[in-house]
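Chemist:
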Amino acid sequence: MQERTTVIILRKTLFRESDVMVSAVSPDWGRMELVCYHAQSFSGKKFPVLDCFNELEIGFEFADQQPAKLVEAELLTSFAPVADRLEIFRLAGKIGNFVLKNSAPELPMAIVYDTLRHVLGNLALNASQGNALWTPEACGAVIKLACLQENGLLPEFENPDISAFFDSVIEAGLEGSALPSCDLGYWGKLSLYLNTLLPQDKA
Numbered sequence: 001m002q003e004r005t006t007v008i009i010l011r012k013t014l015f016r017e018s019d020v021m022v023s024a025v026s027p028d029w030g031r032m033e034l035v036c037y038h039a040q041s042f043s044g045k046k047f048p049v050l051d052c053f054n055e056l057e058i059g060f061e062f063a064d065q066q067p068a069k070l071v072e073a074e075l076l077t078s079f080a081p082v083a084d085r086l087e088i089f090r091l092a093g094k095i096g097n098f099v100l101k102n103s104a105p106e107l108p109m110a111i112v113y114d115t116l117r118h119v120l121g122n123l124a125l126n127a128s129q130g131n132a133l134w135t136p137e138a139c140g141a142v143i144k145l146a147c148l149q150e151n152g153l154l155p156e157f158e159n160p161d162i163s164a165f166f167d168s169v170i171e172a173g174l175e176g177s178a179l180p181s182c183d184l185g186y187w188g189k190l191s192l193y194l195n196t197l198l199p200q201d202k203a
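Last residue of the sequence shown: 203 (our numbering), numbering continuous.
1. Give the straight-line distance between the Cα atoms of Ile170 and Ile58, rounded to the nearest whole angstrom.
2. Residues in the same chain with beta-carbon distance under 7 Å from Leu70, minus the five sequence neighbours each way, listed in chain order, please.
3. If you draw a straight line from the alpha carbon of Leu194 to that of Phe166, how long is it in whole angstroms?
4. Between Gln129, Val142, Glu87, Gly176, which lies nearest to Gly188 when the distance is taken from Cα to Cα?
5. Check this for me: beta carbons of Gly176 and Met109, under 8 Å apart or not?
6. Who are the near neighbours of His118 in its chain, counting only those whose CB is closer than 7 Å to its CB and skipping five residues on each side?
7. Using the three-state DSSP reduction, which class does Leu10 fall into: helix, strand or coil?
8. By how many angstroms is the C-alpha of Asp19 removed from the C-alpha of Gly93?
9. With a CB to CB cut of under 7 Å and the five nearest residues on each side skipped, what residues in its chain are close to Ala138?
10. Write down the C-beta distance between Val25 and Leu116 rounded to the nearest angstrom, noting that I regard them as a contact closer than 8 Å.
11. Given that a residue counts as buried once 16 or more other Cβ atoms are within 10 Å of its Cβ, and exposed if not, what is Glu17?
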């Protein structure tokens with residue numbers, strides 16, 4: 001039985017002569033491992049390039065004790081401009097690895113997924129010298145906050161101002177809107193603090 005969802009590809013591996021394995025995240029199915037057989041032989045019209053930081057609408061079939069089989073796909077959004085600057089590309093890779101490590105199969109992740117879309121969009125704009133709302137440093141903190149919130153790991157703070165600030169950052173992450181104004185170095189410090197709230201093997 002074929003299922004449908006949207007995914008963002010975060011890792012890609014070529015194997016055999018023409019097959020492709022991708023690790024992706026879906027708002028409906030969480031972390032997904034997908035295999036596309038004979039991907040190199042498909043025409044561009046039938047299959048988009050299965051590449052990192054592409055958002056796709058896909059049709060797939062589950063297989064017992066094997067990666068799901070990718071049946072069809074349509075390119076929705078390409079965040080490929082993140083590769084225009086090496087430091088941005090490396091950061092996008094770290095964020096992708098972080099999301100994969102902190103997600104699980106068949107566990108919906110709508111908050112992280114929507115936030116990831118906006119994080120990658122802002123990184124792409126930063127890399128191409130566009131008008132990004134978020135700095136690269138802020139992107140790292142925003143995705144960690146989204147992950148903590150979705151996984152129930154964000155503690156309740158006694159200070160209401162702190163709670164309100166974090167709520168506004170999470171909301172901005174979901175909507176892709178402007179973040180609260182902060183000192184230039186704050187986002188890097190916040191990211192380090194959020195690491196202490198994550199499971200130690202996932203920070």
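Backbone N, C-alpha and C fix where the C-beta goes; we use that ideal spot for every residue, glycine too.
Modeler: In brief:
1. Here residue 170 is taken as the residue at index 170 of the sequence shown, counted from 1. Here residue 58 is taken as the residue at index 58 of the sequence shown, counted from 1. If I take the Cα positions, the gap works out to 27 Å.
2. Counting from one through the sequence shown, the residue named residue 70 turns up at place 70. Closer than 7 Å at Cβ, skipping near neighbours: Leu34, Val35, Cys36, Ile58, Phe60.
3. Start at 1 with the first residue of the sequence shown, and residue 194 comes out as number 194. Start at 1 with the first residue of the sequence shown, and residue 166 comes out as number 166. Taking the straight line joining both Cα atoms gives about 11 Å.
4. As a position in the sequence shown, residue 188 is number 188, starting the count at 1. Looking at the Cα atoms, Val142 is the closest of the given residues.
5. By one-based count along the sequence shown, residue 176 stands at place 176. By one-based count along the sequence shown, residue 109 stands at place 109. Going by C-beta atoms, Gly176 is not nearer than 8 Å to Met109.
6. What you label residue 118 is simply residue 118 of the sequence shown in a count that begins at 1. Answer for His118: Gly173, Gly176, listed in chain order.
7. Within the sequence shown, the letter at position 10 stands for residue 10. Leu10 falls in the strand class under three-state DSSP.
8. By one-based count along the sequence shown, residue 93 stands at place 93. By one-based count along the sequence shown, residue 19 stands at place 19. Rounded to whole angstroms, Gly93 to Asp19 spans 22 Å at the Cα level.
9. Working through the sequence shown from its first residue, we reach residue 138 at position 138. Correct list, in chain order: Leu179, Trp187.
10. Against the sequence shown, residue 25 aligns to sequence position 25. Against the sequence shown, residue 116 aligns to sequence position 116. Going by Cβ atoms, the distance from Val25 to Leu116 rounds to 7 Å, so yes, they are a contact pair.
11. Locating residue 17 in the sequence shown gives position 17, where the first residue counts as 1. Classification of Glu17: exposed, given that the 10 Å Cβ count is below 16.
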